[in-house]
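K.L.:
Following the numbering used here, the numbering of the sequence shown begins with 3 at its first residue and continues without gaps. Have a look at this one before I ask anything.
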Amino acid sequence: MATVNVYFHNHCFDGSVSAALFTALHRRARPAAAGAQATEYQYRGLSHTANGLFERADFDAPDNAIVDFKYSRDPRVTWWFDHHQSAFLTPADAEHFRNENNPQKFFDPKYGSCSKLIADVGREWFGLDTAPLADLIHWADLIDQAHFPSAQAAVELKEPALRLMLAIEGSTDPGFLPRLIPDFLTTTLGDLVEREYVRRELQPLLARHGKSLELIHARMECVEGVIYFDVSDLDLEGYNKFIPYYYCPEAVYCVGVGRGAQRMKVSIGSNPWMEIPHLVNLAKVCERYGGGGHARVGAVSFAREDLARARAVAAEVVAELRRAPKP
Ligand SMILES: [Mn+2]
């Protein structure tokens with residue numbers, strides 16, 4: 003039995019769907035000579051480590067694929083797909099990729115999702131029929147870019163794809179994703195969420211999500227188009243960041259103080275469902291306090307003991323955004 007290790011971005015909807023799509027592509031692309039031999043796919047999740055280094059992977063199969071994750075110069079890696087701006091840890095890695103010019107390694111940062119990249123490459127270069135997987139690819143592309151149709155959709159999680167997103171991001175069973183990934187190729191999203199092993203993961207996560215809705219709702223205030231809330235005393239790590247806009251859809255900006263495993267965090271965002279003509283550049287606001295991000299969303303982190311400082315920064319930003327012009 004031939005084995006292929008598929009390393010994917012762990013606990014990420016796009017990463018998991020990328021692993022499934024790669025499987026379909028690889029089945030299609032493997033040479034006819036190997037066709038008689040069954041192939042076993044081993045799915046192994048990779049996470050970004052705090053120091054930005056590549057997580058140790060064993061690459062112990064004849065074929066080792068990395069999808070939706072950083073480039074590795076390791077010669078045992080035979081396939082690679084990524085779309086992240088930060089795909090290369092060093093300029094030397096980027097140069098290695100360019101020089102190798104490997105026809106099984108693909109990088110395109112213009113893509114909103116790695117799933118879409120693999121689907122397009124599969125169709126154009128390997129003759130893969132992606133039509134039966136169109137729904138899966140559509141949702142992976144939408145979720146990875148956080149292009150949710152509405153705050154309601156993003157918070158109520160009625161769509162099967164969004165429930166699967168919650169299960170993928172929050173699952174604690176290491177066997178869950180390796181089981182789910184191949185099922186993406188054979189089962190509709192609607193049928194997948196009804197599977198017993200998916201429901202088992204989902205149930206506690208949905209309960210926790212419901213609880214965080216109540217807590218954030220109780221804590222938030224929305225004044226002059228700016229939401230402010232402080233949940234730094236609660237264990238709400240990884241709460242859904244669209245909850246504030248669900249309760250206050252007319253808000254333009256949102257500032258929240260929260261607590262992570264290691265750090266206190268001030269999250270500063272803008273309403274993704276609103277056109278904001280005179281947008282305050284939130285990356286610049288965050289940079290002023292030593293944080294960073296994008297024009298529309300950013301964050302500043304603080305040591306656990308600097309909660310007072312985090313709150314002071316949040317209050318300053320809230321005041322600034324309340325004064326800012328609104329649509
Ligand atoms: Mn991705």
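Quick reminder that beta carbons are idealized off the backbone N, C-alpha and C, glycines included. Because the structure is a prediction, the values reported are computed rather than measured.
(1) Leaving out five residues on either side along the sequence, give the residues of the same chain with a beta carbon under 6 angstroms from the beta carbon of G17.
(2) Going by other Cβ atoms of all chains shown within 10 Å of its Cβ, with 16 needed for buried, is V200 buried or exposed?
(3) Please report the distance separating the alpha-carbon of A4 from that of P151.
(4) Is it buried or exposed, H28, if we count other Cβ atoms within 10 angstroms and call 16 or more buried?
(5) Ligand 1 and D110: does any heavy atom of the ligand fall closer than 7 angstroms to the residue's C-beta?
(6) List the DSSP bridge partners of W82.
(7) Is the number of C-beta pairs between the region 254-265 and the region 298-306 that are closer than 8 angstroms three or more?
(8) Which same chain residues, not among the five before or five after Y248, have their C-beta less than 7 angstroms away from its C-beta?
(9) To the nearest whole angstrom, what separates the beta carbons of G114 and D146, a pair I think is in contact under 8 angstroms?
(10) Nearer than 7 angstroms: is that true of the beta carbon of S115 relative to any heavy atom of ligand 1?
(11) Rounded to whole angstroms, what's the CA-CA distance from D232 to S117? Just pull it up for me.
(12) Name the two residues that bound the continuous beta strand (DSSP E) containing Y45.
(13) Who are the Cβ neighbours of M222 in its own chain at under 6 angstroms, not counting the five residues just before and after it?
(14) Run through DSSP, which three-state label would M3 get?
P.N.:
Judging by the given coordinates:
(1) For the purposes of this step, residue 17 is taken as the residue at position 15 of the sequence shown. Closer than 6 angstroms at Cβ, skipping near neighbours: F10, H11 and D70.
(2) Walking along the sequence shown from the start, residue 200 turns up at place 198. Its Cβ being crowded by 16 or more others within 10 Å, V200 is buried.
(3) Residue numbering aside, residue 4 sits at position 2 when the sequence shown is read from its first letter. Residue numbering aside, residue 151 sits at position 149 when the sequence shown is read from its first letter. Roughly 42 angstroms separates the two Cα atoms.
(4) By 1-based counting over the sequence shown, the position of residue 28 is 26. Buried, because 16 or more other Cβ atoms sit within 10 Å of the Cβ of H28.
(5) As a first step, residue 110 must be located in the sequence shown, where it is residue number 108. Because no heavy atom of ligand 1 lies under 7 angstroms away, the Cβ of D110 does not count as near it: no.
(6) Counting from one through the sequence shown, the residue named residue 82 turns up at place 80. Answer is I68 and K107.
(7) yes
(8) Stepping through the sequence shown from its first residue, residue 248 is reached at position 246. Closer than 7 angstroms at the Cβ level, and outside the excluded window around Y248, lie A153, Q154 and V157.
(9) Taking the first residue of the sequence shown as 1, we reach residue 114 at position 112. Taking the first residue of the sequence shown as 1, we reach residue 146 at position 144. Contact holds; Cβ gap of about 6 angstroms.
(10) Translated into the one-based positions of the sequence shown, residue 115 becomes position 113. Checking every heavy atom of ligand 1 against the Cβ of S115, one is found closer than 7 angstroms.
(11) Against the sequence shown, residue 232 aligns to sequence position 230. Against the sequence shown, residue 117 aligns to sequence position 115. Cα-Cα distance, rounded: 36 angstroms.
(12) For this step, residue 45 is matched to residue 43 along the sequence shown. Run containing Y45: T41 to L48, per the beta strand (DSSP E) assignment.
(13) The sequence position of residue 222 within the sequence shown is 220, counting from 1. Excluding sequence neighbours, M222 sits near I229, F231 and P246.
(14) Counted from its first residue, the sequence shown places residue 3 at position 1. Coil at M3, not helix or strand.
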